[in-house]
Amino acid sequence: MIVLDAVTKRFPGTPDPAVDSLSLTIHEGEIVVLVGPSGCGKTTTLKMINRLVEPSDGTITVAGRNILDVPSHELRRGIGYVIQQIGLFPHRTIAANIATVPTLLGWSAQVIDDRVEELAELVDLDPSMLRRYPSELSGGQRQRVGVARALAADPPVLLMDEPFGAVDPIVRARLQEELLVLQATLHKTIVLVTHDIDEAILLGDRVAILNIGGHLEQYDEPAEILRDPSNRFVADFLGSDRGIKRLSLISISDIDLDRGPVVGPEASTEEAVTVMNGYSVDWAAIVDGDQLIGWFSTEDLNGVGSVADLEPRAFVTTLDITDSLKEALDSVVSTHTSVAAVLDGDRYLGMVTTDTISEEIVQ
Amino acid sequence: MELASEVIAWFVDPVNWQGIDGIPNRVWEHVQMTAFSTAAAALLSIPLGVWLAHRRIGGVVVVAIVNIGRAIPSFAIVAISLPISIRLGLGLGFWPTLLALLFLAVPPMFANAYAGIAGVDPALVEAARGMGLKERQVMTGIELPVALPIVLAGVRIATVQVIATATLGALVAWGGLGRYIIDGFSTQNMAEVFAGGLLVALLAVVAELLFSALEKRATPVGIQYDEPIGIPK
Chain A
304 MIVLDAVTKR
314 FPGTPDPAVD
324 SLSLTIHEGE
334 IVVLVGPSGC
344 GKTTTLKMIN
354 RLVEPSDGTI
364 TVAGRNILDV
374 PSHELRRGIG
384 YVIQQIGLFP
394 HRTIAANIAT
404 VPTLLGWSAQ
414 VIDDRVEELA
424 ELVDLDPSML
434 RRYPSELSGG
444 QRQRVGVARA
454 LAADPPVLLM
464 DEPFGAVDPI
474 VRARLQEELL
484 VLQATLHKTI
494 VLVTHDIDEA
504 ILLGDRVAIL
514 NIGGHLEQYD
524 EPAEILRDPS
534 NRFVADFLGS
544 DRGIKRLSLI
554 SISDIDLDRG
564 PVVGPEASTE
574 EAVTVMNGYS
584 VDWAAIVDGD
594 QLIGWFSTED
604 LNGVGSVADL
614 EPRAFVTTLD
624 ITDSLKEALD
634 SVVSTHTSVA
644 AVLDGDRYLG
654 MVTTDTISEE
664 IVQ
Chain B
84 MELASEVIAW
94 FVDPVNWQGI
104 DGIPNRVWEH
114 VQMTAFSTAA
124 AALLSIPLGV
134 WLAHRRIGGV
144 VVVAIVNIGR
154 AIPSFAIVAI
164 SLPISIRLGL
174 GLGFWPTLLA
184 LLFLAVPPMF
194 ANAYAGIAGV
204 DPALVEAARG
214 MGLKERQVMT
224 GIELPVALPI
234 VLAGVRIATV
244 QVIATATLGA
254 LVAWGGLGRY
264 IIDGFSTQNM
274 AEVFAGGLLV
284 ALLAVVAELL
294 FSALEKRATP
304 VGIQYDEPIG
314 IPK
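Protein chains in written order, with my numbering: chain A, 304 to 666; chain B, 84 to 316.
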């Protein structure tokens with residue numbers, strides 16, 4: 304647990320403090336994202352935790368210990384640190400870079416070698432890279448090495464300063480995903496700084512929105528901040544697409560699904576029409592038990608005796624129960640019928656429509 | 084053409100290869116003086132430059148002050164160091180020459196050491212500190228190896244300058260290859276003057292090549308410099 308209590312940082316020569324009496328509690332095993340516009344003191348706050356910036360006032364405790372009671376180099380060896388520029392040492396091999404902190408801690412060569420290999424696997428880095436030098440690696444690979452290096456001595460706390468700011472959007476998305484996968488097994492206490500609200504929403508268990516001068520405007524789970532921004536600043540910072548952003552945090556499994564206009568494979572034409580009328584639509588899906596067979600429209604019923612006689616059309620898009628409502632919305636708006644079928648594996652669960660989604664936004 | 088054959092004749096004359104005034108001895112004196120003065124200047128300037136740059140003390144001001152040293156003609160430095168040396172009781176010859184060459188060698192070495200360290204990517208230093216390297220470890224383990232090619236370039240530049248300028252030592256009664264130039268000039272023996280100049284140039288070229296090779300060897304694998312390293316701006 305990291306506790307900031309009324310922490311203030313004044314830099315010499317500037318009238319206003321960079322961070323003004325900030326209090327913040329970060330629980331063990333959670334990812335807290337500090338986000339805000341430039342000048343909000345988020346990086347300064349982060350750097351105060353490992354004493355790269357010394358607080359002017361207030362106290363910071365990490366795992367119950369006041370950070371000022373520990374020599375700064377010892378404190379830092381127990382806190383992983385990842386920065387945007389990564390800062391790999393160009394004159395050392397990737398293996399030596401990853402081994403930085405274990406070497407400082409005096410681990411034996413064998414233990415270090417084993418640990419380096421383990422970490423390479425953990426961050427999905429080809430072991431042949433370990434003998435190379437940083438200049439030979441791509442941006443994404445370097446970033447992975449940066450994370451491996453920070454994790455090397457298995458510190459309980461990880462500080463990340465815009466860790467994915469310098470890579471292209473495709474690599475960034477992948478690295479973000481990998482961080483979440485990693486965190487699911489490692490359960491580190493992570494403080495991450497970004498200026499990108501989408502990254503904050505994606506990665507943060509909780510998000511701290513900071514305003515100029517290190518003022519904490521709101522500190523909560525991302526879904527809660529999106530649902531109920533505490534003031535105008537937060538709402539503006541979240542952007543006008545707040546509702547849609549929130550959809551990315553809601554899984555389809557979180558909502559009640561309607562079965563939709565569904566008929567059995569043996570249903571008569573009359574039954575089918577009744578079902579369609581009930582939903583005021585001109586189509587229906589065919590479901591056999593929990594297997595989704597396909598769908599048909601009113602016109603397909605012309606001249607057939609029952610549903611069994613017609614040629615079912617295939618669903619172009621289906622959703623998985625684990626998909627988010629944002630993905631559901633994307634599927635729904637890209638079909639003519641404004642509907643998408645939800646499957647769990649190959650089991651049919653129900654339908655998502657624009658109505659289902661907007662109901663969630665309005666809630 | 085006449086001069087060329089005279090110079091060749093001078094070089095093949097066995098007299099010029101023997102005794103105190105022989106080529107081997109003069110080259111040896113010259114090499115010794117160069118080694119002493121550059122080594123002393125390196126000890127004075129490089130640790131200081133590295134430390135000041137690591138602590139970010141001084142910045143442009145320090146480098147500017149040191150650079151003023153470059154603007155003073157070496158001839159004047161020799162002239163100034165002569166009375167200083169005599170007053171210190173160090174006499175003529177060796178000491179005033181060493182003193183003058185020290186003045187000459189310090190600025191490029193200091194400037195390169197300072198600029199080399201100051202120019203190390205701040206992200207490296209931040210990452211190093213952030214992982215718990217102590218200040219001394221940051222300096223010797225990260226900054227110095229990364230800046231080493233630039234620091235060594237300063238040594239190379241200084242050495243070549245010292246080799247060329249050590250000829251002025253002959254003016255204050257020291258030996259070295261400058262003797263041929265000064266003595267040849269006073270006896271109107273142009274072949275000797277020319278031969279002396281040739282030997283100095285040769286020595287400078289050899290030193291340049293040697294240090295370039297050393298720089299290459301000392302450049303850590305993984306660091307590539309696209310341009311040849313010179314005097315930082």
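All residues carry an ideal CB built from backbone N, CA and C; glycine is no exception.
Taking all protein chains shown into account, do 16 or more other C-beta atoms lie within 10 angstroms of the C-beta of residue i, making it buried, or fewer, making it exposed?
i: Glu298 of chain B; result: buried
i: Val636 of chain A; result: exposed
i: Ile528 of chain A; result: buried
i: Ala366 of chain A; result: exposed
i: Phe599 of chain A; result: buried
i: His330 of chain A; result: exposed
i: Arg354 of chain A; result: buried
i: Phe158 of chain B; result: exposed
i: Glu226 of chain B; result: buried
i: Ala451 of chain A; result: buried
i: Pro458 of chain A; result: buried
i: Arg219 of chain B; result: exposed
i: Arg139 of chain B; result: exposed
i: Ala487 of chain A; result: exposed
i: Ile155 of chain B; result: exposed
i: Ile386 of chain A; result: buried
i: Pro472 of chain A; result: exposed
i: Trp111 of chain B; result: exposed
i: His394 of chain A; result: buried
i: Val460 of chain A; result: buried
i: Thr113 of chain B; result: In the sequence on display, residue 113 of chain B carries His and not Thr. The residue is buried, with at least 16 neighbouring Cβ atoms inside 10 Å.
i: Ile513 of chain A; result: Sequence inspection shows Leu at residue 513 of chain A; the Ile mentioned does not correspond to that position. Leu513 of chain A should be labelled buried.
For residue i, which residues from the same chain have a beta carbon less than 6 Å from its beta carbon, with the 5 sequence-adjacent residues on both sides left out?
i: Thr364 of chain A; result: Val306
i: Thr317 of chain A; result: none
i: Pro179 of chain B; result: Ser164, Leu165, Ser168 and Val255
i: Ala92 of chain B; result: none
i: Phe193 of chain B; result: Ser128, Gly132 and Val149
Taking 7 Å as the limit between beta carbons, can you name the residues of its chain near residue i, skipping five residues before and five after?
i: Phe314 of chain A; result: Ala321
i: Thr362 of chain A; result: Asp308 and Asn369
i: Ser326 of chain A; result: Leu307, Asp308 and Ala309
i: Thr497 of chain A; result: Val336, Val338, Glu465 and Ala503
i: Glu89 of chain B; result: Ala274
i: Val304 of chain B; result: none
i: Trp410 of chain A; result: none
i: Phe177 of chain B; result: Trp257
i: Val356 of chain A; result: Lys312, Thr347 and Lys350
i: Ser120 of chain B; result: Leu181, Leu184, Leu185, Ala188 and Val245
i: Leu127 of chain B; result: Val189
Is the beta carbon of residue i sitting closer than 9 Å to the one on residue j?
i: Phe268 of chain B; j: Leu86 of chain B; result: no
i: Ile504 of chain A; j: Lys548 of chain A; result: yes
i: Gly215 of chain B; j: Gly381 of chain A; result: yes
i: Asp523 of chain A; j: Val510 of chain A; result: yes
i: Gly443 of chain A; j: Arg477 of chain A; result: yes
i: Ile163 of chain B; j: Ala188 of chain B; result: no
i: Val610 of chain A; j: Ala570 of chain A; result: yes
i: Val494 of chain A; j: Leu462 of chain A; result: yes
i: Pro525 of chain A; j: Leu489 of chain A; result: no
i: Gln594 of chain A; j: Arg650 of chain A; result: yes
For the putative contact between residue i and residue j, defined by C-beta atoms under 8 Å, what is the C-beta separation to the nearest angstrom?
i: Gly563 of chain A; j: Ala588 of chain A; result: 6 Å
i: Arg434 of chain A; j: Ala469 of chain A; result: That belief does not hold up - the Cβ atoms of Arg434 of chain A and Ala469 of chain A are roughly 24 Å apart, past 8 Å.
i: Leu604 of chain A; j: Ile624 of chain A; result: So it is not a contact: roughly 31 Å between Cβ atoms.
i: Leu408 of chain A; j: Ala456 of chain A; result: 6 Å
i: Ser634 of chain A; j: Thr657 of chain A; result: That pair is no contact at about 11 Å.
i: Val566 of chain A; j: Val578 of chain A; result: 5 Å
Got a sec? Which residues, its chain only, sit under 8 Å from residue i by beta carbon, not counting five neighbours each side?
i: Leu175 of chain B; result: Leu165, Ser168, Ile169, Val255, Ala256 and Trp257
i: Ala301 of chain B; result: Leu231, Pro232 and Leu235
i: Ala287 of chain B; result: Val243, Ile246 and Ala247
i: Leu251 of chain B; result: Ser157, Phe158, Val161, Thr180, Ala183 and Gly261
i: Ile306 of chain B; result: Val229 and Pro232
i: Ser295 of chain B; result: Arg239
Which full runs of the beta strand (DSSP E) of 3+ residues lie inside the segment 375-445 of chain A, going along the chain?
Complete beta strand (DSSP E) runs here, min 3: 382-386.
What are the complete alpha helix (DSSP H) segments, minimum 4 residues, inside the segment 243-269 of chain B?
With a minimum length of 4 residues, the unbroken runs of alpha helix (DSSP H) contained wholly in the segment 243-269 of chain B fall at 261-269.
Quick one: complete beta strand (DSSP E) runs, 3+ long, within the segment 516-599 of chain A?
Those beta strand (DSSP E) runs which fall completely within the segment 516-599 of chain A and span 3+ residues are 518-523 and 586-591.
Unbroken alpha helix (DSSP H) runs of length 4 or more, entirely within the segment 452-507 of chain A: which are they?
Runs found: 472-489 and 500-506.
Can you give, in chain order, each stretch of the beta strand (DSSP E) that sits fully within the segment 606-630 of chain A and has at least 3 residues?
Listed in chain order, they are 621-623.
Restricting to runs no shorter than 4 residues, where is the alpha helix (DSSP H) found entirely within the segment 153-207 of chain B?
As far as the segment 153-207 of chain B is concerned, its whole alpha helix (DSSP H) runs of at least 4 residues are 157-170 and 177-201.
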